[in-house]
Amino acid sequence: MKRLLGILALFIFAATPAVAIAHQGNSNYRSEITSIRPEALAAGLDVSIVNFDDHVRLVNDTGKDVVIFGYDGEPLARILADGTVEENLNSPAYYLNQDRFADVDIPARADEKSSPDWKQTGDNGTYEWHDHRSHYMGEGTPPQVKDESEETRVFDYSIPITVGGEPARVNGTLTWVGNDSNVPVIPFIILGLAVVAAFAFWISRRRRDGEAGEDAEGEKEAW
């Protein structure tokens, strides 16, 4: 029984932090897409932010090719009309996007002036990528935030794209929502301990009842 309880306790304590760290984004922020301009090109496009401020998801149902551009104006990725998803291996942004704070080494081949080297990465018409324009790059609190308990707009941002060869922009806003938005971990720990304790009590009670029953039967036989 002790071994079983140990496994249960380990599972609970291992799973509990996962509630807080399962998302790569920072829960102090909310990054939200506000518009696609011009609006006439927005039909069939679904753009959203996933995991607070972590990455952008674009779904292309326009029936046209959609190209997403990197930080130097180079093609970063494209979603073709048939749903094929391709990334440009010569885009510096392709490598910078691998780390939240762009702490990466960019290979010599990556040059915004180079012709795109397209690599297919999907075929479902959906592209997800970490975009540094949609989140705060600093590790501390943004200077715009004067009171951490108050919701504060940090900045507006814009991601350039083309739809069927026509230029458009995906616009969004990054907002500080405060430390209170963090997932509370302590209640999960308390709940986990309560579950382990209740299970231990139940097992112990059953064992005592079983031993008492065996003793009673033994006394009857002896008598």
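Our numbering puts the first residue of the sequence shown at 799, with every later residue one more than the last.
Glycine is no exception: its CB is placed at the ideal position from the N, C-alpha and C atoms.
Asked                                                                                                                                                                                        : Found
Are the Cβ atoms of residue 887 and residue 869 separated by less than 9 Å?                                                                                                                  : no
So if DSSP puts residue 864 in a beta bridge, which residue, or which two residues, is it bridged to?                                                                                        : 877 and 961
Using CA atoms only, rank isn't needed, just tell me which of 824, 822 and 830 is closest to residue 969.                                                                                    : 830
Tell me whether residue 966 sits in a helix, a strand or coil according to DSSP, three-state version.                                                                                        : strand
Rounded to whole angstroms, how far is the Cβ of residue 927 from the Cβ of residue 949, which I believe are closer than 8 Å?                                                                : About 27 Å separates the two Cβ atoms, so there is no contact after all.
Tell me where the alpha helix (DSSP H) around residue 887 begins and ends.                                                                                                                   : Residue 887 -> no alpha helix (DSSP H), and no H or E assigned at all.
Taking the beta strand (DSSP E) that residue 827 belongs to, which residues open and close that run?                                                                                         : 827-835
Just the Cα atoms here: how many angstroms apart are residue 925 and residue 932?                                                                                                            : 15 Å
Going by DSSP, which residues form a beta bridge with residue 847?                                                                                                                           : 854
Can you tell me whether residue 953 is helix, strand or coil according to DSSP?                                                                                                              : strand
In angstroms, rounded to a whole number, what distance separates the CA positions of residue 961 and residue 997?                                                                            : 58 Å
For residue 917, which residues does DSSP report across the bridge?                                                                                                                          : 885
Can the beta-carbon of residue 855 be found less than 9 Å from the beta-carbon of residue 847?                                                                                               : yes
In whole angstroms, what is the alpha-carbon distance linking residue 851 and residue 828?                                                                                                   : 6 Å
Leaving aside the five residues before and after residue 904 along the sequence, list all residues of the same chain whose C-beta is less than 6 Å from its C-beta, in chain order.          : 890 and 893
In terms of residues, what are the limits of the beta strand (DSSP E) holding residue 939?                                                                                                   : Run containing residue 939: none; DSSP gives neither H nor E here.
Less than 6 Å between C-beta atoms, sequence neighbours within five positions excluded: which residues of the same chain meet that for residue 919?                                          : 883 and 885
Assign residue 923 to buried or exposed, taking buried as 16 or more other Cβ atoms, counted over all protein chains shown, within 10 Å of its Cβ.                                           : buried
Compare the C-alpha of residue 877 against each of 941, 898, 845 and 897 and name the closest.                                                                                               : 845
Give every residue of the same chain whose Cβ lies closer than 6 Å to the Cβ of residue 953, excluding the five residues on either side of it in the sequence, and list them in chain order. : 972
How long is the line joining the alpha carbons of residue 857 and residue 943, rounded to whole angstroms?                                                                                   : 33 Å
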